[in-house]
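*Asks:* In our numbering, the protein residues as written are 215 to 431.
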Amino acid sequence: MEFLVLLGPPGAGKGTLSRLLERRTGFLPVSTGEVIRHEMADETSDFGRRAKPYMDRGVYVPDELALTLFFSILKKFSSGAKVALDGFPRTIPQAEVFLDWVKQEGHVFHGCVHLDLSVAQAVERMKLRRICSVCRTPYHLVNRPPSVPEICDECGGALMMREDDDPERVASRLERFHEQTRPLIKWFADQQRCIHLDGGNDPAESVATLMASWALI
Ligand code: ADP
Ligand code: ZN
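(1) In this structure, does DSSP put K290 in helix, strand or coil?
(2) Using the beta-carbon count (16 or more within 10 Å), is G320 buried or exposed?
(3) Assign P352 to one of three DSSP states: helix, strand, or coil.
(4) Using 10 angstroms around the beta-carbon of K317, count the other beta-carbons present and answer buried if the total reaches 16, otherwise exposed.
(5) Assign G222 to buried or exposed, taking buried as 16 or more other Cβ atoms, counted over all protein chains shown, within 10 Å of its Cβ.
(6) Taking 7 Å as the cut-off, is the CB of I250 close to at least one heavy atom of the ligand ADP?
(7) In the DSSP output, which residue or residues are listed as bridge partners for A372?
(8) Return yes when the Cβ of L342 is within less than 8 Å of the Cβ of L329, no when it is not.
(9) Thinking C-alpha only, which one of T305, P276, F323 and F302 is nearest A295?
(10) Which of the three DSSP states, helix, strand or coil, is assigned to P417?
(11) Looking at D277: is its Cβ nearer than 8 Å to the Cβ of Q308?
(12) First and last residue of the alpha helix (DSSP H) that includes V333?
(13) Check whether the Cβ of G247 sits closer than 7 Å to any heavy atom of the ligand ADP, and report yes or no.
So, in structure tokens, the structure goes:
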């Protein structure tokens with residue numbers, strides 16, 4: 215398999231970038247946050263029950279739980295799949311396990327994409343962020359509005375605010391990012407395995423930069 219890893223503060227635009235990247239390169243987006251929210255909506259899911267207390271507080275789930283989730287998600291993919299990981303690994307211990315496994319299994323890790331955005335911009339963006347309640351496509355009421363107000367362009371579903379985009383949890387998620395994920399980005403950068411991109415730029419430009427940097431097609 216081939217992997218790239220997208221990291222950045224909540225609201226930086228990882229979801230939008232990964233969807234565009236899929237169209238241009240075939241890298242399939244996997245958002246561990248989305249999978250956790252999906253599991254939590256399923257009352258019979260043991261994983262959802264274990265993740266809920268952390269998600270309710272806007273903190274990261276323990277590494278062991280994130281790793282279990284990651285390896286179970288992978289079972290759905292074929293051995294030649296190309297995957298863009300949005301939000302995993304998110305801590306240095308997760309990355310160590312991930313990279314050991316990549317090496318052991320002979321997979322390819324292209325590198326980490328750091329999509330950066332200031333705290334103030336991230337907070338502003340999340341106020342105006344909406345997602346489709348059916349297919350989870352992200353929108354922004356000003357920068358990327360749907361053609362018909364409140365309706366998803368892709369599937370006609372109703373738009374809504376994301377479950378954890380309330381101000382308290384946004385603040386907590388941003389703190390967790392600075393405490394636990396910034397050190398990971400530095401860790402990748404120190405190994406020359408990180409590309410830094412401005413989350414304020416046009417996502418199409420960011421995709422072009424990535425394709426040129428890593429020859430992704
Ligand atoms: P955001 O990056 O906007 O906060 P995500 O949808 O990527 O949102 O993730 C939402 C939440 O899911 C995180 O705040 C965290 O609690 C949990 N989560 C997702 N991936 C991981 C991970 N790799 N390790 C720990 N927690 C995770
Ligand atoms: Zn939709």
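Don't be surprised by glycine CBs; every beta carbon is placed ideally from N, CA and C.
*Replies:* The short version:
(1) Here residue 290 is taken as the residue at index 76 of the sequence shown, counted from 1. Three-state result, K290: coil.
(2) Along the sequence shown, read from residue 1 onward, the residue named residue 320 stands at position 106. So G320 ends up on the exposed side.
(3) Stepping through the sequence shown from its first residue, residue 352 is reached at position 138. Note: P352 maps to strand in three-state DSSP.
(4) Here the question's residue 317 lines up with position 103 in the sequence shown. Answer is exposed; the Cβ neighbour count stays below 16.
(5) Taking the first residue of the sequence shown as 1, we reach residue 222 at position 8. Under this definition G222 is a buried residue.
(6) Along the sequence shown, read from residue 1 onward, the residue named residue 250 stands at position 36. Yes - the ligand ADP has a heavy atom lying nearer than 7 Å to the Cβ of I250.
(7) Start at 1 with the first residue of the sequence shown, and residue 372 comes out as number 158. The partner list for A372 (beta bridge, DSSP) reads I365.
(8) Along the sequence shown, read from residue 1 onward, the residue named residue 329 stands at position 115. Along the sequence shown, read from residue 1 onward, the residue named residue 342 stands at position 128. Their beta carbons are not under 8 Å apart, which means L329 does not touch L342 by this criterion.
(9) Against the sequence shown, residue 295 aligns to sequence position 81. Selected option, being the one with the closest Cα: F323.
(10) Taking the first residue of the sequence shown as 1, we reach residue 417 at position 203. Reduced to three states, the DSSP call for P417 is helix.
(11) Start at 1 with the first residue of the sequence shown, and residue 277 comes out as number 63. Start at 1 with the first residue of the sequence shown, and residue 308 comes out as number 94. A contact, by the Cβ cut-off of 8 Å.
(12) Numbered from 1 along the sequence shown, position 119 holds the residue referred to as residue 333. That run of the alpha helix (DSSP H) goes V333 to L342.
(13) Here residue 247 is taken as the residue at index 33 of the sequence shown, counted from 1. Because some heavy atom of the ligand ADP lies under 7 Å away, the Cβ of G247 counts as near it: yes.
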